[in-house]
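**Q**
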Amino acid sequence: MKKRKINIAVTGLNAIDSPGPGISVIRALRDSEAFDVRIIGLSYETLEPGIYMHNLVDKTYQIPLPSAGASVLLERLQYIHRKEKIDLIIPNFDAELPGFIKLKKELDKKGMKTFLPTMVQFDARHKVNLSEFGKKHRIKVPFSKMIFSANEIGSLKEDFSYPLVVKGKFYDASIAYSPDQVHSYFNKISAKWGLPVIIQEYVFGSEVNVTALGDGTGVTVGAVPMRKQYITDKGKAWAGISIDDKKLMSMTRKLIKSTKWSGGLELEVIKTSEDEYYLLEINPRFPAWVYLSVGCGQNHPEALVKLAMGEKVKTFTKYEIGKMFIRYSYDMIVDLSEFEKISTLGEL
Amino acid sequence: MKINKNVALSDSGFVFNPSTGDSFSTNPIGLEIIKLLKEGKSMDYVKASLLKTYTIEEATLERDCYDFANMLMKFKLTEADEKAEN
Amino acid sequence: MKKLHYERPIIQRLNVGVMNKFGTKTEYAPVTHVDGNAVKGLLAKYGSPLFVISEKTIRKTFRDANRAFKTRYPKVQFAWSYKTNYVNAVCNVFHQEGSWAEVVSGFEYQKALQNGVSGNKIIFNGPDKSMEELTMAIENNSLLHIDHLDELYMIKELATKSKKKPRVAIRVNMDTGVYPIWDRFGFNYENGQAWDAINKIILNDQMELVGLHCHIGTFMLAPSAYGLAASKLSDLALSIKKKFKKSIQYIDMGGGFASRNTLKGSYLQGMDLAPSFDSFAEEITTAILNAGFAKDELPMLVLETGRALIDDAGFLLGSVISNKRLSDGRRATILDFGVNILFTSFWYDHKISPAQEFSQYSEDSVLYGPLCMNIDVVRENITLPPLKRDDQVVVHSVGAYNMTQWMQFISLRPAIVMIDKNDKPHLIRKRETLKSIETEEVLPAYLKDFKL
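So the protein sequences, as listed, match chains D, W and C. Heads up, the first sequence is in the numbering used here, so the first residue is 6 and it goes up one at a time. Heads up, the second sequence is in the numbering used here, so the first residue is 77 and it goes up one at a time. Heads up, the third sequence is in the numbering used here, so the first residue is 802 and it goes up one at a time.
#1: I think residue 110 of chain W touches residue 79 of chain W, with their Cβ atoms under 8 Å apart; what is that distance to the nearest whole Å?
#2: Helix, strand or coil, according to DSSP, for residue 826 of chain C in the structure here?
#3: Using 8 Å as the threshold, is the segment 1063-1078 of chain C in touch with the segment 1159-1174 of chain C, meaning 3 or more CB pairs across them?
#4: Using beta-carbon positions only, say whether residue 1228 of chain C and residue 844 of chain C come within less than 8 Å of one another.
#5: Over what stretch of residues does the beta strand (DSSP E) that includes residue 972 of chain C continue unbroken?
#6: How many Å lie between residue 914 of chain C and residue 956 of chain C at the Cα?
#7: Residue 146 of chain D and residue 283 of chain D - do their beta-carbons sit closer together than 8 Å?
#8: Rounded to the nearest angstrom, what separates residue 803 of chain C and residue 128 of chain W at their Cα positions?
#9: On the DSSP letters alone, give me the boundaries of the alpha helix (DSSP H) that residue 958 of chain C sits inside.
#10: Taking Cβ-Cβ distances shorter than 7 Å, what residues in chain W pair up with residue 48 of chain D?
#11: Below 8 Å, can you find three or more Cβ-Cβ pairs linking the segment 985-994 of chain C to the segment 959-968 of chain C?
#12: I'd like to check one pair, residue 136 of chain D with residue 307 of chain D: are the Cβ atoms closer than 8 Å?
#13: Mapping the DSSP letters down to three states, classify residue 983 of chain C as helix, strand or coil.
#14: With 7 Å as the C-beta to C-beta threshold (strictly closer), list the residues of the segment 803-815 of chain C near chain D in chain order.
#15: 8 Å is my cut-off, CB to CB: does residue 349 of chain D come that close to chain W?
#16: Mapping the DSSP letters down to three states, classify residue 151 of chain W as helix, strand or coil.
#17: Write down the C-beta distance between residue 127 of chain D and residue 227 of chain D rounded to the nearest angstrom, noting that I regard them as a contact closer than 8 Å.
#18: If the cut is a Cβ gap below 8 Å, which residues of chain W does residue 345 of chain D touch?
#19: Since I believe residue 270 of chain D is in contact with residue 219 of chain D (beta carbons under 8 Å), could you give me their beta-carbon distance rounded to a whole number of angstroms?
#20: Can you confirm whether the segment 989-1009 of chain C touches the segment 1032-1040 of chain C when touching is taken to mean that 3 or more C-beta pairs between the two stretches lie within less than 8 Å?
#21: Who are the neighbours of residue 103 of chain D on chain C, taking C-beta pairs under 7 Å?
#22: Please report how far the alpha carbon of residue 326 of chain D lies from the alpha carbon of residue 122 of chain D, in whole angstroms.
#23: Which same chain residues end up closer than 6 Å to residue 1206 of chain C when comparing Cβ atoms and leaving out the 5 residues on each side of it in sequence?
#24: Under the DSSP definition of a beta bridge, which residues are partnered with residue 1121 of chain C?
#25: For residue 958 of chain C, which of C:978, C:936, C:992, C:942 has the nearest alpha-carbon?
#26: What does the Cβ neighbour count give for residue 1234 of chain C, buried or exposed, with the cut at 16 atoms within 10 Å?
#27: What does the alpha-carbon distance come out to for the pair residue 1141 of chain C and residue 1177 of chain C?
#28: Could you tell me whether the Cβ of residue 1066 of chain C comes closer than 8 Å to any Cβ of chain D?
#29: State yes or no: is the C-beta of residue 927 of chain C within less than 8 Å of the C-beta of residue 906 of chain C?
#30: Alpha carbons only, please: which of C:1195, C:876, C:810 is nearest the one belonging to residue 104 of chain W?
#31: Compare the C-alpha of residue 85 of chain D against each of D:28, D:113, D:47 and name the closest.
#32: Please confirm whether residue 120 of chain W has its beta-carbon closer than 8 Å to some beta-carbon of chain C.
#33: Does residue 107 of chain D have its Cβ less than 8 Å from a Cβ in chain C?
#34: For residue 273 of chain D, which three-state DSSP category applies?
#35: To be precise: take each residue of the segment 868-890 of chain C, compare its Cβ to all Cβ atoms of chain W, and keep it if any distance is under 9 Å. Which residues remain?
#36: Taking CB distances under 8 Å as the criterion, tell me whether residue 342 of chain D reaches chain C.
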């Protein structure tokens, strides 16, 4: 079968020690049997390694940070579209998704497709709404509370026992063992991600994750569960293994069915010693380890491209159990002139 | 004031200081000033030349150049020997 | 030889992890005109700084909001929130559009009367109403929104003396999932205070309970909270109907809709976060329509929207006084307006545009006001092209609260100009003079003379 040519723009090229999913998504797309992809990288910073990985990324453009607003983003994307004719954009950061979701219709009109959750889905799974979400879909979530000022830290002891988890609206989570620690995390996290800050009950158990893809009608196109084997000091998986966990898989399917989730997602779940599953977080995009899905026989990013282009997609029914991923870091040698180009021209 | 000989400039306004590893971005007038200084021209020469080319009063230019020169020093783009100033 | 356009030389370190400049140009795209009037010309004519209000924007925003509610609900009435902006010209644009007046003090009450609003179309809110003010409002048939029990008893006392039966509503506070709860105002729903107050009023029979009011917060980004509030007020209204066979005439949802400004500490732009009037309208009207009112007994829906109706119509034009370099190397720009007249810069990162063309080069800067006070910061961090003395800037979305909360501190307050729908500017408040401040001062005779 002849592969079809397609231009796909991808964000999240920050394959660093706390990596964005972009490079994994791109590798999956490069492995596609249906598509011959040209990859347009979209970067926020000049040192995102993906910018310089010319075997994976054909051309990179800098785009404005989400804090600059959706209209500025649209302007930049149109500029890139004029040069590259983008068929599809796959954004990979939580913080940038609202902007892309907002622009979905407009991008579509201009010929740039996306396959994203709706704003309602995005908001419902937001950390600040997770308790409500759990109640609605009858899924256990750890007890949590939002706080808006450091004054509220003192009274946390009424609802929580230590340790507890302090979380940012978009990113960051730290375990605090005392009010003092909560204080310092509160300041750090609120400065970076704004208010509110989420305080969450700490559930003991082992963390299991799922990468999955919903087609928007309630069907789970694919799902691969993974158990982290080695975790970095930033809490990121450095190695993981695909597991056979029927309960987790049925929770995933149930969740995608009841939310009619569209797009990629990652579930972070704690499995307690009593075999109870607590949903910690739903990330509204593929995880950085999504390439494991390819390794297990389910190419989720490729399936997402098909969904986005309006094509029929066969649902994956099985995956290989016991496949591992092990991340490694790699020092690229880069010429200063490349850094100069991306820094001054915003393109490379 | 002299610009370090090994400071690299490119027409895009990219400035690289090899001895510290820092890189900078400057606008066209900034680039023009750094180029002239690097050729060994004095700050007075630079100002006179800018006055000839641009619509600007001397007092404002004087102040802007003073500020710019301070930034160059702060960024360690100049040679330590300040006696070169004439 | 023609000389070239000059731009101040700038050099910036390329930092990793800082906002890149690509594609961000619109943040400092120049705004040279406001409603067809050149910024330069306006400042030359009326002085710098200058508040400018776009009448076109007010009317367009109002009609947008009105449409959002009226297409969903049969009886809708807006009441202009005087405290948000009580410059008479602004109030009257809203009154021309059909808004009643919503006031929170005797001073605002008198302003509304003076503007020609009839007493029965003035809503009197707030915790501080004196006996005299209440008497006046009762005689004028105004709508008294009771905030606390002391006020309830004051009105009861006045009712016995007056021939008029005071028309009252109570303000209800409640848990709508938005925290902190504004429980310092009005009577609580959950603990039964509100129901008690309602019983006191109706059983007393000297007052007429005509409405129920709530105001759940400010700068609200969650339309769903309004839905919850509307259904709680509807429940109260239906309970009243059930127990006393009495229909409530209106439900007043207060104000609090967010504008497109960006709150400090917010990661995303306010423009991307602020819900549309349609989404607020959808939540509120759906809740009331589904509450179970008989079709002919649907209460009128009153809205006291302030900020979201006026913020975008206001601009502050100003000039650069000077540039300096801070000790840590950051650029600082001093403007001729500060927190004294741009009060909202305490809680917003206002969008600020240069009013003249620049190249694409920009630098990070702190914007300071002209006061000799450390707190006088207009923007802690902003990327702007290299501004020089006398360059002009435009601050966006300043229509709400600035022209009421501004301070006459250190310098005098600037003029306000309204640009009409034909782009013609009208002076609607003169620049203050020494005389306007000293009019109210009294200098004892023995302090007149001194020798130095």
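Even glycine gets a Cβ: it sits at the ideal position worked out from N, Cα and C.
**A** According to the data block:
#1: That pair is a contact at about 6 Å.
#2: Here residue 826 of chain C scores only 47 on pLDDT, less than 50, and its place in the model is too uncertain to base an answer on.
#3: Below 8 Å, too few C-beta pairs join the segment 1063-1078 of chain C and the segment 1159-1174 of chain C to call them touching: fewer than three.
#4: At least 8 Å separates the beta-carbon of residue 1228 of chain C from that of residue 844 of chain C.
#5: 968-974 is the span of the beta strand (DSSP E), which, as asked, contains residue 972 of chain C.
#6: Within the model, the alpha-carbon separation for residue 914 of chain C versus residue 956 of chain C is close to 21 Å.
#7: In contact: residue 283 of chain D and residue 146 of chain D (Cβ atoms closer than 8 Å).
#8: Roughly 10 Å between the two C-alpha positions.
#9: Here the alpha helix (DSSP H) through residue 958 of chain C covers 950-962.
#10: Within 7 Å of the CB of residue 48 of chain D, no CB atom of chain W is found; the nearest one sits about 17 Å away.
#11: Judged by pairs of C-beta atoms under 8 Å, the segment 985-994 of chain C does not touch the segment 959-968 of chain C, as fewer than three such pairs exist.
#12: Their beta carbons are not under 8 Å apart, which means residue 307 of chain D does not touch residue 136 of chain D by this criterion.
#13: If DSSP states are grouped into helix, strand and coil, residue 983 of chain C belongs with coil.
#14: Residues of the segment 803-815 of chain C with a C-beta less than 7 Å from any C-beta of chain D: 815, listed in chain order.
#15: Yes, residue 349 of chain D lies at the interface with chain W (some Cβ there is under 8 Å from its Cβ).
#16: Here residue 151 of chain W sits in coil by DSSP.
#17: Separation of the CB atoms of residue 127 of chain D and residue 227 of chain D is rounded to 21 Å, and the pair is thereby denied contact status at 8 Å.
#18: Neighbours of residue 345 of chain D on chain W, chain order: 86, 88, 90, 92, 99.
#19: Indeed, because the Cβ distance is near 7 Å, the residues count as touching under 8 Å.
#20: In short, these stretches touch, since the Cβ pair count reaches three.
#21: The answer, in chain order, is 1069, 1073.
#22: If I take the Cα positions, the gap works out to 28 Å.
#23: Counting only Cβ-Cβ distances below 6 Å, and skipping sequence neighbours, we find 1144.
#24: The partner list for residue 1121 of chain C (beta bridge, DSSP) reads C:1136.
#25: Looking at C:978, C:936, C:992, C:942, the one whose alpha-carbon comes closest to that of residue 958 of chain C is C:936.
#26: Label assigned to residue 1234 of chain C: exposed.
#27: In this structure, the straight-line span from the alpha carbon of residue 1141 of chain C to that of residue 1177 of chain C is close to 8 Å.
#28: Chain D contact via Cβ: present.
#29: Taking 8 Å as the Cβ cut-off, residue 927 of chain C and residue 906 of chain C qualify as a contacting pair.
#30: Answer by Cα proximity: C:810.
#31: In terms of CA proximity to residue 85 of chain D, D:47 leads the group D:28, D:113, D:47.
#32: For residue 120 of chain W, the closest Cβ of chain C is not nearer than 8 Å.
#33: Output row for residue 107 of chain D: interface = yes.
#34: Residue 273 of chain D falls in the strand class under three-state DSSP.
#35: If the cut-off is 9 Å between Cβ atoms, the segment 868-890 of chain C has nothing near chain W.
#36: So no, residue 342 of chain D is outside the interface.
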